[in-house]
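Engineer: -4 is the number that the numbering used here gives to position 8 of the sequence shown; each next residue is one higher, with no gaps.
For every residue, glycine included, the Cβ atom is placed at its ideal position computed from N, Cα and C.
Computed from a predicted model, the values in this text were never measured in an experiment.
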Amino acid sequence: MDKRFFEETYRTYWRKLFGICLHHTQDEAIAEEMVQDIFSSLWERREHFEISGPIENYLVRAAKMEIMDYFRTTTRREKLSSAALSDFSESDNSTEQDIYASALEGHINSLVDCLPEQCRRVFTQSRVNGLNNNEIASSLRISVKTVEYHMTRALSYLRRNLSSYEI
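1. Report buried or exposed for S28, applying the criterion of at least 16 other Cβ atoms within 10 angstroms of its Cβ.
2. Using the C-alpha atoms, what's the distance from T62 back to F111?
3. If you draw a straight line from the alpha carbon of H95 to that of L150, how long is it in whole angstroms?
4. Taking L(-11) and R49 to be in contact with their CB atoms under 8 Å, please state how far apart those CB atoms are, rounded to whole angstroms.
5. DSSP on G41, reduced to helix/strand/coil?
6. Confirm, please, whether the CB-CB distance from L146 to L99 is below 8 Å.
7. Give me the Cβ distance between A51 and L10, rounded to the nearest whole Å; I'm assuming they're in contact under 8 Å.
8. For M56, count neighbouring Cβ atoms within 10 angstroms of its own Cβ and tell me buried if that reaches 16, exposed if not.
9. Is L146 helix, strand or coil when you go by DSSP?
10. Is the Cβ-Cβ distance between I39 and T(-3) less than 8 Å?
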């Protein structure tokens, strides 16, 4: 393929190929880039270029392949972007949850500090140290009923004061 034939082919078929690409992509810049890629590829392979049949058929087929490649890579890119966005959203959500949990924990600790001393000891041994009612009663030298009373009182107080939090 010589330079003159290439230039004539370019002038003759550029608009048609652009129209085909634009019809499918609905984006002038992308359609123009596709047509440019088709003609660039044709020029680069001009010395080894052999075609049987009209060049128009070859160019239209090349345009259709460019369009398919475009949608294939666009779909892949969108899936990757969607996955990355999902990962970011999950990590962002996780960060928000961590901040919320930290604030809630701080608020609970300040509420526990406001409990009467014996009530606070019972609550702390139960919820922080993981002791059961019998173990708490034994360590504080109080009855199991007293432990139950203080736990009920502490939990009731916390429930009332944490009602503004969505738990």
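Structural biologist: Once the coordinates are examined:
1. Translated into positions along the sequence shown, residue 28 becomes position 40. Burial call: exposed.
2. Here residue 111 refers to the residue found at position 123 of the sequence shown. Here residue 62 refers to the residue found at position 74 of the sequence shown. Going from the Cα of F111 to the Cα of T62 covers about 58 Å.
3. Taking the first residue of the sequence shown as position 1, residue 95 is located at position 107. Taking the first residue of the sequence shown as position 1, residue 150 is located at position 162. Roughly 8 Å separates the two Cα atoms.
4. One-based indexing of the sequence shown puts residue -11 at position 1. One-based indexing of the sequence shown puts residue 49 at position 61. The question names Leu, yet the displayed sequence has Met at residue -11. That belief does not hold up - the Cβ atoms of M(-11) and R49 are roughly 17 Å apart, past 8 Å.
5. Here residue 41 refers to the residue found at position 53 when the sequence shown is read from its first residue. In the structure shown, G41 sits in coil (DSSP, three-state: anything other than H, G, I, E or B).
6. Start at 1 with the first residue of the sequence shown, and residue 99 comes out as number 111. Start at 1 with the first residue of the sequence shown, and residue 146 comes out as number 158. Contact flag set, yes.
7. For this step, residue 51 is matched to residue 63 along the sequence shown. For this step, residue 10 is matched to residue 22 along the sequence shown. No, A51 and L10 are not in contact; Cβ-Cβ is about 10 Å, not under 8 Å.
8. Taking the sequence shown and counting its residues from 1, the one referred to as residue 56 is at position 68. The residue in question, M56, is exposed, as its Cβ has fewer than 16 Cβ neighbours within 10 Å.
9. In the sequence shown, counting from the first residue as 1, residue 146 sits at position 158. The answer is helix: DSSP assigns L146 an H, G or I state.
10. Locating residue 39 in the sequence shown gives position 51, where the first residue counts as 1. Locating residue -3 in the sequence shown gives position 9, where the first residue counts as 1. Against a cut-off of 8 Å, the Cβ pair of T(-3) and I39 comes out as no contact.
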